[in-house]
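S.K.: Note that my numbering has the sequence shown beginning at 11, numbered continuously upward. Just so it is clear, CB atoms sit at the ideal spot from N, CA and C, and this is done for glycine as well. Computed from a predicted model, the values in this text were never measured in an experiment.
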Amino acid sequence: PKTIFSGIQPTGVPHLGNYLGALRQWAKLQDTAEADTTLLYSLVDLHAITIRQNPKQLRQWKKESLAMLLAIGLDPKRSVIFHQSAVPAHAELMWILSCQASTGYLGRMTQWKDKTANEKDGSEKLKLGLFSYPVLQAADILVHRATHVPVGHDQAQHLEFARQIANGFNETYGRHVLTPPETLVSPAKRIMSLTEPDKKMSKSHSNPKSRILLTDPDDVIRSKIKSAVTDSYEGITYEPERRPGVSNLLDIFYHSGEAVETSSQDELAKHMQGLSLRALKEEVAMAVTNVIRPIRERYESLVHDQAALDAVAEKGAQKAVRSAAATMVEVKSAVGLM
Ligand code: TYM
11 PKTIFSGIQP TGVPHLGNYL GALRQWAKLQ DTAEADTTLL YSLVDLHAIT IRQNPKQLRQ
71 WKKESLAMLL AIGLDPKRSV IFHQSAVPAH AELMWILSCQ ASTGYLGRMT QWKDKTANEK
131 DGSEKLKLGL FSYPVLQAAD ILVHRATHVP VGHDQAQHLE FARQIANGFN ETYGRHVLTP
191 PETLVSPAKR IMSLTEPDKK MSKSHSNPKS RILLTDPDDV IRSKIKSAVT DSYEGITYEP
251 ERRPGVSNLL DIFYHSGEAV ETSSQDELAK HMQGLSLRAL KEEVAMAVTN VIRPIRERYE
311 SLVHDQAALD AVAEKGAQKA VRSAAATMVE VKSAVGLM
């Protein structure tokens with residue numbers, strides 16, 4: 011039977027990129043999975059603190075992110091939804107894997123290189139937790155023996171690392187203890203920033219107009235899309251290299267599921283050929299508001315019920331603890347810790 015695992019950092023309200031690139035897949039998999047498939051979705055708060063967080067803010071974000079996972083359609087009766095730090099085996103397996111992980115490989119990871127590009131080697135500011143981030147991510151996946159991991163494109167390298175470390179561990183200890191996971195990259199694998207369409211849409215970008223939040227009211231969504239950076243070329247064409255802004259709008263429209271049915275973004279562009287960019291933006295805004303409105307409304311009705319959210323987290327943690335325990339017995343016995 012299959013086991014699906016994925017995670018999201020509780021570092022603010024998820025944006026449209028998180029939704030189209032990952033969260034929507036999570037909910038879809040939940041609804042289409044065979045009855046014997048296990049699904050686990052985690053709010054990875056230990057990953058969140060690889061960057062300095064305000065404790066009060068982080069507590070609030072954890073609660074809001076949990077409400078958002080329910081709002082996008084995860085059902086706690088079907089999916090195990092939990093805070094990573096409530097399941098100590100994640101950190102425990104991470105330690106064991108870090109004794110297996112090559113520092114050379116970790117140093118070549120794109121995310122590490124991007125985040126440290128401005129720091130000098132040996133800088134006091136570079137933290138060990140940020141460097142070993144992918145090891146914790148591998149532990150998240152491997153501790154639950156996940157077979158499939160639905161993510162956006164930016165996580166593909168971390169998934170490759172998880173496979174390598176699983177295979178390396180099995181080879182070192184001469185038995186099949188860890189399951190190398192398959193990556194399920196969503197069709198909307200890379201949604202770009204609205205203000206700098208050559209960069210991915212991200213929670214940390216300083217300009218709030220660069221992203222659409224799943225809590226944004228309709229008028230805010232419309233205004234963000236209206237001011238999205240495009241270009242001054244003729245007509246509407248899908249050319250991600252030459253026209254990143256317009257192509258991103260087409261991607262969003264195409265993947266929203268609200269556009270006329272076409273088999274590609276290119277065909278969608280041809281279908282809209284006669285329209286002005288302003289009209290394209292209006293159509294995209296309509297589609298995005300239609301996608302986000304029901305999520306926002308569910309979120310608003312869930313986020314204030316602290317007791318219900320706590321109960322979901324508690325139940326999820328109990329199930330996740332059990333799922334992880336079985337792997338830890340095998341890992342510890344393979345290594346000689348027990
Ligand atoms: P995070 O919190 O940055 O993002 C959560 C998910 O959203 C996807 N995503 C995007 N997809 C398309 N376009 C975008 N602009 C975009 N931005 C984000 C991400 O690919 C991701 O799937 N390291 C992970 C969290 C993690 C994890 C794991 C994931 C920790 N342990 C184990 C899978 C399995 C992260 O920071 O995701």
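Closest Cβ-Cβ distance between R288 and chain C: below 8 Å?
M.R.: Checking the listed chains, one finds no chain C in this structure; it contains a single protein chain.
S.K.: Can you name the residues that DSSP bridges to P65?
M.R.: What you label residue 65 is simply residue 55 of the sequence shown in a count that begins at 1. In DSSP, P65 forms no bridge with anything.
S.K.: Give the DSSP-derived three-state secondary structure of Y51 in the structure shown.
M.R.: Within the sequence shown, numbered from 1, the residue matching residue 51 stands at position 41. It is a strand residue.
S.K.: In the structure shown, what three-state DSSP assignment does M202 receive?
M.R.: For the purposes of this step, residue 202 is taken as the residue at position 192 of the sequence shown. If DSSP states are grouped into helix, strand and coil, M202 belongs with the strands.
S.K.: I believe D55 touches K66 by the beta-carbon criterion, under 8 Å. Please report the beta-carbon distance rounded to the nearest angstrom.
M.R.: As a working note, residue 55 is residue 45 in the sequence shown. As a working note, residue 66 is residue 56 in the sequence shown. With 8 Å as the limit, D55 and K66 do not qualify as a contact, their Cβ atoms being about 14 Å apart.
S.K.: Got a sec? Which residues, its chain only, sit under 6 Å from L49 by beta carbon, not counting five neighbours each side?
M.R.: Here residue 49 refers to the residue found at position 39 when the sequence shown is read from its first residue. Closer than 6 Å at the Cβ level, and outside the excluded window around L49, lie I14, Q40 and S89.
S.K.: What is the rounded straight-line gap between the Cα of I246 and the Cα of Q174?
M.R.: Position 236 of the sequence shown, counting from 1, holds the residue named residue 246. Position 164 of the sequence shown, counting from 1, holds the residue named residue 174. Going by the C-alpha atoms only, they are around 43 Å apart.
S.K.: Which same chain residues end up closer than 8 Å to A37 when comparing Cβ atoms and leaving out the 5 residues on each side of it in sequence?
M.R.: One-based indexing of the sequence shown puts residue 37 at position 27. Contacts found: I82, G83 and L84.
S.K.: Since S59 and L76 should fall inside the 8 Å C-beta cutoff, what is the C-beta to C-beta distance between them, to a whole number of angstroms?
M.R.: For this step, residue 59 is matched to residue 49 along the sequence shown. For this step, residue 76 is matched to residue 66 along the sequence shown. A quick correction: the sequence has Ile, not Ser, at residue 59. That pair is no contact at about 17 Å.
S.K.: Does the beta carbon of D124 fall short of 7 Å from some heavy atom of ligand 1?
M.R.: To locate residue 124, count along the sequence shown from 1; it is residue 114. Not under cutoff, so the answer is no.
S.K.: So does D150 have its beta carbon nearer than 7 Å to some heavy atom of ligand 1?
M.R.: Counted from its first residue, the sequence shown places residue 150 at position 140. Within the cutoff, so yes.
S.K.: Quick check on DSSP: helix, strand or coil for P304?
M.R.: Residue mapping note: residue 304 aligns to position 294 of the sequence shown, counting from 1. Correct three-state label for P304: helix.
S.K.: Buried or exposed: where does T182 fall if 16 or more other Cβ atoms within 10 Å of its Cβ makes it buried?
M.R.: The sequence position of residue 182 within the sequence shown is 172, counting from 1. That one is exposed.
S.K.: Run through DSSP, which three-state label would G17 get?
M.R.: Counting from one through the sequence shown, the residue named residue 17 turns up at place 7. Three-state result, G17: strand.
S.K.: If we count Cβ pairs, one from each stretch, closer than 8 Å, do we get three or more for the region 271 to 289 versus the region 218 to 225?
M.R.: Because the criterion of three Cβ pairs below 8 Å is not met, the region 271 to 289 and the region 218 to 225 do not touch.
S.K.: Could you give the DSSP three-state label for S333: helix, strand or coil?
M.R.: As a working note, residue 333 is residue 323 in the sequence shown. In the structure shown, S333 sits in a helix (DSSP, three-state: H, G or I).
S.K.: At 4 residues or longer, what runs of the alpha helix (DSSP H) sit wholly inside the region 119 to 171?
M.R.: 120 to 126, 138 to 141 and 143 to 152
S.K.: Evaluate the contact criterion for the region 227 to 241 versus the region 282 to 293: three or more CB pairs, one atom per stretch, below 8 Å.
M.R.: yes
S.K.: From S216 to A344, what does the alpha carbon distance come to, in whole angstroms?
M.R.: Numbered from its first residue, the sequence shown carries residue 216 at position 206. Numbered from its first residue, the sequence shown carries residue 344 at position 334. Approximately 46 Å, taken between the alpha carbons.
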